[in-house]
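Respectively, the protein sequence lines represent chains C and E. Per numbering that gives the first Met the number 0, residue 0 is the first one in the first sequence, and the count goes up by one each step. Per numbering that gives the first Met the number 0, residue 0 is the first one in the second sequence, and the count goes up by one each step.
2 protein chains.
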Amino acid sequence: MLGRTGPIALAAALSAVALQAATAADSPMLGFDAAGAASERALEQKFDAALDPADQSAWLKRFSSAANHVGTAHDEANAREYARLLSSWGWDARIETFYVLYPTPREQLLELVAPVSFKAALHEPPIAGDASSAESGTLPPYNVYGADGDVTAELVYVNYGIEEDYRELARRGIDVHGRIVIARYGGGWRGIKVKLAHEHGAVGCIIYSDPHDDGYAMGATYPDGGWRPSASVQRGSVEDITLYPGDPLTPGTPALRDAKRLAIADAATIMKIPSIPISYADAQPLLAQLRGPVAPEGWRGALPITYRMGPGPARVHLLVHSDWGTKPIYDVIARITGSETADQWVIRGNHHDGWAMGAWDPLSGAVAELDEAKAIGALVKSGWKPRRTLIYASWDGEEPGTLGSTEWAEAHAQELQRKAVAYINSDTNARGFLQAGGSHSLQRLMNEIVETVPDPETGVSVLARQRARLRALGYGRDARSEDGRQATLAASGADLPLSGLGSGSDYSVFLQHLGLAAINLGFSGEGDQNGVYHSLYDTYEHFVRYGDPDFAYGVTLARTAGHFMLRLADAPVLPLQFGGLADTYDGYRRELHELADARRHSSEELSQLIDANVFALASDPQRPVSAPAREAAVPFLDFAPLDNAMERLRAAARRYDDSYAHTIGAGNLPDAATRAALNQLLLGMEQALTDSRGLPRRDWYKHIVYAPGVMTGYGVKTFPAIREAIEAGRWDEANASIAVAAQVLARYCERLDQASARLSRTASG
Amino acid sequence: MLGRTGPIALAAALSAVALQAATAADSPMLGFDAAGAASERALEQKFDAALDPADQSAWLKRFSSAANHVGTAHDEANAREYARLLSSWGWDARIETFYVLYPTPREQLLELVAPVSFKAALHEPPIAGDASSAESGTLPPYNVYGADGDVTAELVYVNYGIEEDYRELARRGIDVHGRIVIARYGGGWRGIKVKLAHEHGAVGCIIYSDPHDDGYAMGATYPDGGWRPSASVQRGSVEDITLYPGDPLTPGTPALRDAKRLAIADAATIMKIPSIPISYADAQPLLAQLRGPVAPEGWRGALPITYRMGPGPARVHLLVHSDWGTKPIYDVIARITGSETADQWVIRGNHHDGWAMGAWDPLSGAVAELDEAKAIGALVKSGWKPRRTLIYASWDGEEPGTLGSTEWAEAHAQELQRKAVAYINSDTNARGFLQAGGSHSLQRLMNEIVETVPDPETGVSVLARQRARLRALGYGRDARSEDGRQATLAASGADLPLSGLGSGSDYSVFLQHLGLAAINLGFSGEGDQNGVYHSLYDTYEHFVRYGDPDFAYGVTLARTAGHFMLRLADAPVLPLQFGGLADTYDGYRRELHELADARRHSSEELSQLIDANVFALASDPQRPVSAPAREAAVPFLDFAPLDNAMERLRAAARRYDDSYAHTIGAGNLPDAATRAALNQLLLGMEQALTDSRGLPRRDWYKHIVYAPGVMTGYGVKTFPAIREAIEAGRWDEANASIAVAAQVLARYCERLDQASARLSRTASG
């Protein structure tokens, strides 16, 4: 997993009726008639029986036995072993190789030069009792795609280093220009911290893991518990994936050996200043030497110091020199050709490259995927064939910036856009609750599936447990709060929503660049979670103590994702529904209205307060905090095209779902020709949500509904062009983006209406 | 100050029009006609001119030059010097002595006996550069009115040690029975922590200052900054002041030398288990040895450890042995007899006893009060005499439990109830913003006064600065939130509300036992605040660096309180208004409705969630958290009597304020006989809010609107009998208390109507 949200953030997940009812042999199954459902159900039982936690454990141990970042022999060996296993199970497995820019550190130095001297260790020592942590072959902790540099400057603490933090600094008269910033992890993609530091004039960026968010404050540290110990470092990419992910030198095209490449200096996704990730043991001496204003309450971590903003008197020297070489990456691509519609592909993926040993990230998900492939292979050997073609992929180079998935998808873009039904992704997996996001046309299917998958710890369905969790989280909360609304929804029995997808794993290119329906799946949220994320201590030893000791959730992930693959592969009619999508998008539309109104209100309120001199009067003259900068007045936007388009979408969605209910839902499958035409329409639905011009200033991103936020990095922004224009105060762009979205939605409705018409003819026929 | 709210909590304060308008010579003045207002304004200018920060500084230095807790020679000497100064300025100053139970520590011991040994230092070393901190004569840090004991038991961390914390422990299966609890300061009166620990079966209680709330997390520690250093201890009383304050052995009666006394064992306000306050240096080794569940996020402080709940394996040995002797306390009572109505008293008070040197608490307020008395003495010498009698009091024994004020008021109860117009209190004072609470009939007067007192740092009025502060605090907040509503109010220009008074300083007996109108005043909220509260480091040296370096706010407090005293003493008609009171009480009534509704909703919601097994399903089986205990169903309460009474009160208040506006407000003062009758009615208004039967289970408290909460200690509960009955689920008591409140309010309205009738006759006459 390239990025992650904090341990507290929750991607809302999934649901519908009751486990016993749903598992009844005669309950309906989306896209199937009754007979098809029964045989599919029998198939899934055989599939489930073939899954084996012992296999997952053995594979995890082997795959995580040596360092497996891009360019290591073990990473390549893992790919080859993955391909060998798939081949042995009857898959047509091949390795596709791409050649990517992959800088690695040659020399790194961080030292405090004033007012006292301290040299950062920048080193993770082995942990007693964890043999894997003593393996050699790992790179020192570093930020891939940071710039080279040798800078010495005053230090400034910038909290998470996101835009609102710079506004707080400005209110205290603190400018980072010519200085080095130190930011703690959290609040967004790490690359944003470096990018914003550069944009604000800083010459270097240090990123550290504060024990408040990721260390002893959360629980006992490794090896006493699972949380991050003092010397542990979260390494990771700082590529500007909000612009485009993948190889920085080949945007939009595959990084083949002889591809045309940008000069490194021209690659917009490589940072312009040096950055380095450090441990909290290394951070504390630096932070302790800062003076200047005491940091606001929300900026304070759990180190036993007074957090101050600076600037200085701490001065630090930061040096980063890298080898800017090209490395091969190895994507494993395995397929079983469909028996009926071989040119419709259902694609599954998980990456295999890690940082250091990568047991949690990504191999816990990779071995679940492998278990699925093994079980499917056994089904094929027993005589079954999928209706559509199944592709199982194991990506390389996800950690530096979803390189393997991006380059492969760029290499096969046109074919994928013609053939791909959906892409199902996973990554790190552990004990806990389902986290699921993705295309909302698949929301009903997701609910249907997890209603029948049992949660291993409680025995109820994954869906029922998710409902319980949301209801428990909402207990005692205001019904209007986000937690309160989720709890109400969970209690209502309505489908639980998929979260929108931003970035941070391999689904990005499929969903956001190619416009393919995509789902991201995983379990997490219990125990000590991934307290060793992106460190040397992400080992087999750690995972089997704190992750998923008996691989019960590995099996549960394999069941969930496997059922998804099998249903999508076998359903006579693609199991999409649109009512949940229309409701969700209409919710986004309401949010956009509220956002514009809130900004208008906030701008007016702020002007009134500044005019009344309120901030100056309220400030302690010994610790002055000036007024926030005035915000431009917010005009009323022309939302009408979007409002009208959304009305039409809701009607079109209702029409399709009703037509479906009256035909296939009532056991009446269309004939083969109608099905073929209908499936062809449905297969392209998600692409109908793209705009070939792409998003403003980042045209690699084509989807009009989902994108990572320019200022969040992996957090999704829905209707990103509109939302980010409002957030940034670009009113003409906001109005133009509303018009674009309305046009795209109109095309989407036309296609959906065609599908409904096909179905209606079935009903009348 | 016996207790205090946290540095973040804000008692809302005060306001109305614009400084220049208000200070205009012809602006109206409540209770005066135009001529009277002009001469009063001239008087106040002379008063202001006599105030002198240099005097305040010199007195503070002298009074805080040695330990001055109850029983010390210096405390008595301070009282005598106070009396001498007052006498020298023309006051009739006497010392009234009472004899109170005042235990002091003979032997204290706290040690960790397992799994490792550690002996707590229980000692505050002198601080370099602070000569006062090297003075001898202080007591070791201790909790006065804790029990003696010698106990050894497993340790449990209970967060703030309030009821909701015990509910969290119960959900994790942790029982404190037979164990020793360790609680951090905050969340309520320290005595509540010990009382609840005992009620839950604990055998001892340790209270410590966490650096998150009161130490390095807030800012640099003394002497580098003003915040609490690692060895500093907040000592203080643990008397159960929610039952009754004052001498534990003489409830309701004065502790005269030959008073009839309870046996110590029968004194309900003395704790039943030993307790001890400690520093965070002493707390960390204890907390670090706890295991068991990781403490919930809201329980985590700023020590560099994983906060865990226990129980054990840490075992501690706690020993407390005290001298249970009786000590004299010295109240200074000084008066200037009124020229016209000598039997109407306006009373001012601030205590003079401290813990250790007591520079901030209480002497910063005491020297401001002294400055007022000096200035008034000068006015008298120049020929002025107050219309009513002025009494300036300097209380002893506030720290152990408002002993001096309580015993004096109990000694003079009947006379006070006949004669006292109002009591104006202060205590610790420093740079910052006005904190003001009290009787809402004085709210309009408070706004009128602080509209004309300049804030020394900004030059605008104290009221204008307060409005600016509330507006700044509300910036960006939801308009429905408390901060948002306060900001809207502040921007509206309406009077700013007085906060309701709970306990924690000497106003309690006057307001809550005798039913006298009372106000508590002070400035705070800037700089490092009182980071040395109740420690050895509360010194002159600290105060002049971090408190109020130039005594500008000492002078501002003297101006504010002094103008209050002069207006109340001189106004031909007592300057009470009732519209703000009725609105405020009606707001309390709405809160009670909302509280009952919220509890009903919460009880139903909880039952549904428990029935649906939601908490069990949502729990991590490796870290189980069980469902909260079921709550009894909440009936609909018979609010009608209170609702009707409040309607009547609003009408009666409007009638009085309108009558006032059309008569005195229009420059038409009643004749002397009418004024006398009217003032007699007004003087008794606050007593009309008392019920002679007192509150349920604590009949010392007579006021039906304001009391300290049984579960908060100093935080106010408004309409306490009703509110606490609802909170505790005593529904019959809630209904009965509603009826009582309605009866009391009816009597209040009758008296108010009589006053309005008097005024109306003026208008028609």
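Where a beta carbon is used, it is the ideal one built from N, C-alpha and C, also for glycine. All figures in this text were calculated on a predicted structure; none of them were measured in a lab.
- Restricted to the segment 62-110 of chain E, the alpha helix (DSSP H) segments that are unbroken, complete and at least 4 residues in length are 72-87, listed in chain order.
- Within a 10 Å sphere around the beta-carbon of E/Val115 sit fewer than 16 other beta-carbons, which makes this residue exposed.
- Here C/Asn142 carries a strand assignment [DSSP, helix/strand/coil].
- Note that the C-beta distance between C/His439 and C/Trp394 is not below 8 Å.
- Apart from the 5 residues on each side of it in sequence, C/Leu302 sits with its Cβ closer than 6 Å to the Cβ of Gln283 in its chain, given in chain order.
- C/Gly218 belongs to the set of residues whose beta carbon lies under 8 Å from a beta carbon in chain E.
- Per DSSP, the continuous beta strand (DSSP E) segment holding C/His320 begins and ends at Arg314 to Asp322.
- Within the segment 505-592 of chain E, the runs of beta strand (DSSP E) at least 3 residues long that lie entirely inside it are, in chain order, 517-524.
- Distances from the CA of E/Glu603 to each of E/Pro627, E/Arg476, E/Val704 and E/Gly514 were compared; the closest alpha carbon is that of E/Pro627.
- Taken atom to atom, the span from the alpha-carbon of E/Arg260 to that of E/Tyr536 is near 36 Å.
- Using a C-beta cut-off of 8 Å, the segment 84-100 of chain E makes contact with the segment 391-406 of chain E, since at least three inter-stretch Cβ pairs fall below that distance.
- Distances from the CA of E/Asp619 to each of C/Ser606, C/Ala676, C/Ser736 and C/Tyr545 were compared; the closest alpha carbon is that of C/Tyr545.
- From the beta-carbon of C/Ile304, the residues of chain E found nearer than 8 Å are Tyr215.
- Close to chain E, meaning a Cβ-Cβ distance shorter than 7 Å, are the following residues of the segment 442-457 of chain C: Glu456 and Thr457.
- Only buried fits C/Ile269, as 16 or more other CB atoms lie within 10 angstroms of its CB.
- Within chain E, no residue has its beta carbon less than 9 Å from that of C/Asp426; the closest one is some 21 Å off.
- Contact annotation: E/Ala230 and E/Ala280 have beta-carbon atoms nearer than 8 Å.
- Excluding its 5 nearest sequence neighbours in each direction, E/Val157 has C-beta neighbours in its own chain below 6 Å: Asp164, Val180 and Ala182, listed in chain order.
- Taking 8 Å as the CB threshold, E/Gln621 lines the interface with chain C.
- A distance of 8 Å or more separates the beta carbons of E/Gly177 and E/Ser274.
- Contiguous alpha helix (DSSP H) elements confined to the segment 163-199 of chain C occur at 189-198, taking only those with 4 or more residues.
- Going by C-alpha positions, E/Trp699 is about 17 Å away from E/Ile721.
- Contact of C/Gly526 with chain E is assigned, a C-beta pair being separated by under 8 Å.
- When C-alpha distances from E/Ser56 are compared across E/Ile346, E/Gln413 and E/Leu369, the shortest belongs to E/Leu369.
- Not a single C-beta of chain C is nearer than 8 Å to the C-beta of E/Ala429.
- In the DSSP assignment, E/Ser425 falls within the unbroken beta strand (DSSP E) covering Ala419 to Ser425.
- Counting along the chain, E/Pro327 sits inside the beta strand (DSSP E) bounded by residues Thr325 to Ile335.
- Comparing alpha-carbon positions, the option among C/Ala745, C/Gln753, C/Asn529 and C/Pro253 lying closest to C/Glu646 turns out to be C/Ala745.
- Contact residues of the segment 680-707 of chain C toward chain E are absent (C-beta to C-beta distance below 8 Å).
- Below the 7 Å Cβ cutoff, chain C contributes no neighbours of E/Ala169, its closest Cβ being approximately 16 Å away.
- Note on geometry: alpha-carbon atoms of E/Glu414 and E/Glu95 lie some 16 Å from one another.
- At least one beta carbon of chain E lies nearer than 8 Å to the beta carbon of C/Arg464.
- Assigned with DSSP and collapsed to three states, C/Ala367 falls in helix.
- Sequence-distant partners of E/Leu242 (beyond 5 residues in either direction) whose C-beta falls short of 6 Å from its own C-beta, in its chain, are Ala267, Thr268 and Arg697.
- Taking the beta carbon of E/Gly714 as reference, no residue of chain C falls within 8 Å; the closest one sits roughly 20 Å away.
- In the structure shown, the three-state DSSP call for C/His351 is coil.
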